[in-house]
Amino acid sequence: MRRIVRSIISTAMLLIVASSAQAGNVDRLYVIDCGWAHAADQSLWSPGVNAGEPIDLSNNCYLIHHSSQGYLLWDTGITDRLAAIPNGQYVPPTRQTWHRSQTLIAALAAIGVRPADVRYVGISHFHPDHIGNVDEFSEATVIMQRVEWNYAMQLPQKPFNPDHKAQLIEGDRDLFGDGTILFISTPGHTPGHQSLLLRLPKTGPLLLTGDAVHFQSNWDNRRVPAFNTDRDNTIASMQRIADFLAKEQAELWINHDKPSSEARRHAPEFYE
Ligand SMILES: [Zn+2]
């Protein structure tokens, strides 16, 4: 009997040791400049408001280091090829010109990270300013909503290699089961758009929007871009985000909002 008790106790202790070895936190979050755009008419994003007014949009990638699980890259920005084109690339449907002042790969190298070090690439949605460099991370697992993947991969021009290793999720997902990195389903901009909630030990909880909202005044007024897939879903997703912010006391990081992006520390500095 005593032996059985002893064996139960030692098994329990092993389990405790194993689970504490698994536990970890997000110990570094790098904000990486992944391009920027100059758009001729911001009312494309805010129908009827500021017609004919130009706007500059930031675009960041976010490199997240989890102490026991390694690197997750959230979005990959506009293609690195644009770094070699000084005048950028004009995109007729949205009358914007995209630029890149550096490549993502060079920005990662500058902080000592190679593409092979990135285990996961989380993608908010399939638009070119977010998936431009997915194929640079051929060994990583892409994490996308299944709806988004299915929609994007039936298009004549695939956003990236359809044979890429992928983890397709449906709804919300706590990536490592420890509450540190949570994918949140926020459809509307595209059919399976998602956002990311991070819980950092020192900075606190942050919510990275993807393109659930594009800039601050659109958030403040719940404005929906003319080209979004679904207006009602967009409004519902903004409300979901607002509910998360209230519940978590989280900070909202609007990816394309240039003034708030400029106020953030960029790599090589990081958030803990
Ligand atoms: Zn975008």
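Each residue of the sequence shown is one higher than the one before, starting from -17 at the first, in our numbering.
Built from N, CA and C at the ideal position, the CB exists for glycine as well.
The structure presented is a predicted model; accordingly, all values stated were derived computationally and were not measured.
Check your understanding: Is TRP131 helix, strand or coil when you go by DSSP?
Key -> The three-state secondary structure of TRP131, taken from DSSP, is helix.
Review point. Can you find at least 3 beta carbon pairs, one from the segment 102 to 118 and one from the segment 128 to 135, that sit closer than 8 Å?
Key: Touching, yes.
Exercise for review: If I'm right that ALA232 touches PRO187 with Cβ under 8 Å, what's the distance once you round it to whole angstroms?
Suggested key: Correct: roughly 4 Å between the Cβ atoms.
Practice item. Specify, as a first and last residue, the run of the beta strand (DSSP E) that TRP18 falls within. Key: Here the beta strand (DSSP E) through TRP18 covers 8 to 21.
Practice item. May I have all residues whose beta carbon comes closer than 7 Å to any heavy atom of ligand 1, sorted in chain order? Key: Residue selection by CB proximity (closer than 7 Å to any heavy atom of ligand 1) returns ASN41, HIS109, ASP111, HIS112, ASP193, ASN237, HIS238 in chain order.
Review point. Which of the three DSSP states, helix, strand or coil, is assigned to THR79?
Key: DSSP, read as helix, strand or coil, puts THR79 in strand.
Review point. Based on the DSSP output, what are the partners of PRO241 in its beta bridges?
Key: PRO241 pairs with nothing; no bridge assigned.
Review point. Among PRO68, THR76, LYS147, PRO75, which one has its Cα closest to the Cα of GLU118?
Key: The candidate whose alpha carbon is nearest that of GLU118 is LYS147.
Exercise for review: Using three-state DSSP, classify GLN136 as helix, strand or coil.
Suggested key: DSSP, read as helix, strand or coil, puts GLN136 in coil.
Practice item. Taking ARG205 as the reference, give the member of PRO29, GLY94, ALA89 with the closest Cα. Key: Among PRO29, GLY94, ALA89, the Cα nearest to that of ARG205 is on PRO29.
**Study point:** Status (buried if at least 16 other CB within 10 Å, exposed otherwise) for ALA245
**Key:** Under this definition ALA245 is an exposed residue.
**Study point:** Cutoff 6 Å; reference ILE37; Cβ partners in own chain excluding five residues on either side
**Key:** Answer for ILE37: ALA21, GLN24, listed in chain order.
Practice item. Look up ALA249 in the DSSP assignment and say whether it is helix, strand or coil. Key: If DSSP states are grouped into helix, strand and coil, ALA249 belongs with coil.
**Study point:** Proximity below 8 Å, CB of HIS81 to CB of TRP18
**Key:** Cβ atoms of HIS81 and TRP18: closer than 8 Å.
Check your understanding: Should ILE166 and PHE209 be called a contact, given that it needs their Cβ atoms to be closer than 8 Å?
Key -> Going by C-beta atoms, ILE166 is not nearer than 8 Å to PHE209.
Exercise for review: In the DSSP assignment, find the alpha helix (DSSP H) that holds GLN198 and state where it starts and stops.
Suggested key: Note, GLN198: alpha helix (DSSP H), 198 to 203.
Point to revise | Reference LEU26; option with closest CA among ARG77, TYR44, ASN69 | key: Out of ARG77, TYR44, ASN69, ARG77 has the C-alpha closest to the C-alpha of LEU26.
Practice item. Please go through the same chain and pick out, in chain order, the residues whose beta-carbon is closer than 7 Å to the beta-carbon of THR71, but skip the five residues on each side of it. Key: As written in the sequence, residue 71 is Gln, which differs from the Thr given in the question. Shown here for GLN71: same chain residues with a beta carbon closer than 7 Å to its own, the five before and five after excluded, namely LEU64, THR79, TRP80 in chain order.
Exercise for review: Have a look at ALA98 and VAL31 and give me their C-alpha separation to the nearest angstrom.
Suggested key: One C-alpha to the other measures close to 44 Å.
Check your understanding: Out of curiosity, what's the CA-to-CA distance linking VAL73 and ILE60?
Key -> Spanning the two alpha carbons is a distance of roughly 12 Å.
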